[in-house]
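Below is one structure, written out as structure tokens; comments come after it.
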Amino acid sequence: MKVSFTKKKLITLITGIVLVFISYLGCYFYLIYPKLTIIDQVTHQLDTEKQILLTLEKSLLKEEDHNDETTELQRQLPVDPLMDQLLLHFQRVEALSNTYILSMNIDQDSTVYPVFLEDVEENLEYSIDTLEGIVAMNVSLTVNAKTYEDLFQFLVEIDRLPRIVSIDNISFIGAQETEIIHDPQEYLEFFVTVSAFYYPDLYELSDEVPKVIHPNPSEKKSPLLVQ
134 MKVSFTKKKL ITLITGIVLV FISYLGCYFY LIYPKLTIID QVTHQLDTEK QILLTLEKSL
194 LKEEDHNDET TELQRQLPVD PLMDQLLLHF QRVEALSNTY ILSMNIDQDS TVYPVFLEDV
254 EENLEYSIDT LEGIVAMNVS LTVNAKTYED LFQFLVEIDR LPRIVSIDNI SFIGAQETEI
314 IHDPQEYLEF FVTVSAFYYP DLYELSDEVP KVIHPNPSEK KSPLLVQ
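Under the numbering used here, read the sequence shown as residues 134 to 360, first letter to last.
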């Protein structure tokens, strides 16, 4: 079967093909291409937002690490007096040394100390010359101990406290040594003065002070009963 095209039919065919091609290009540029452009823009925006999110997460992690580090440093030198923390420390010292604190007097209106921070100077990133705002609270303790070993252990536990505390004075106010030797039931009573420090100049870090965990109540019916 022989197919023949006249010149007119050939022109019509070519014109139809050109029109179809132009229609395809028109559909592509007016319908498909804008959508592809939108997809590319959305994809780029998502990538950008992912980068921003990663940056924020890293920033938050750094901030959390900084807060943890600041809180840990404030266990040594808080920006607030943290009296509850200090009282719990003394309670722990009392238990570990087998001693008994008869009385405690705390003077919060103490003078500013030229502080002995050689041990923690590197961690705090301050020189001793710049730490002029450190305040010392003087604490006077009257303590009972059965033996000199218990007395010594009391002082050792004070020195081991995570908070910076200095032992300023020790004096005996109880029975004489000879009496204690002859009477093992006689308690050794001594007087200790210590200083605990805090740094109020960094008040903006007060939200990051260590949280004080109080022990559960003993549920005693009478505070005078020993259970």
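No residue lacks a Cβ here, since even glycine has one placed at the ideal position from N, Cα and C.
All figures in this text were calculated on a predicted structure; none of them were measured in a lab.
Practice item. Note the first and the last residue of the continuous beta strand (DSSP E) segment covering residue 331. Key: 321–331
**Study point:** Buried versus exposed, by CB contacts within 10 Å (16 or more), residue 327
**Key:** buried
**Study point:** Contact check, residue 272 vs residue 329, beta carbons under 8 Å
**Key:** yes
Exercise for review: Tell me, to the nearest whole angstrom, how far the beta carbon of residue 226 is from that of residue 331; I am working on the premise that it is less than 8 Å.
Suggested key: Going by Cβ atoms, the distance from residue 226 to residue 331 rounds to 19 Å, so no, they are not a contact pair.
Review point. Does the beta-carbon of residue 269 have 16 or more other beta-carbons within 10 angstroms, so that it is buried, or is it exposed?
Key: buried
**Study point:** As assigned by DSSP and simplified to three states, the class of residue 139
**Key:** It is coil, neither helix nor strand.
Point to revise | First through last residue of the alpha helix (DSSP H) which encompasses residue 291 | key: 281–292
Review point. So what's residue 212 in DSSP terms, helix, strand or just coil?
Key: coil
Practice item. Would you check if the distance between the CB atom of residue 232 and the CB atom of residue 285 is smaller than 8 Å? Key: no
Exercise for review: With DSSP as the reference, label residue 144 as helix, strand or coil.
Suggested key: helix
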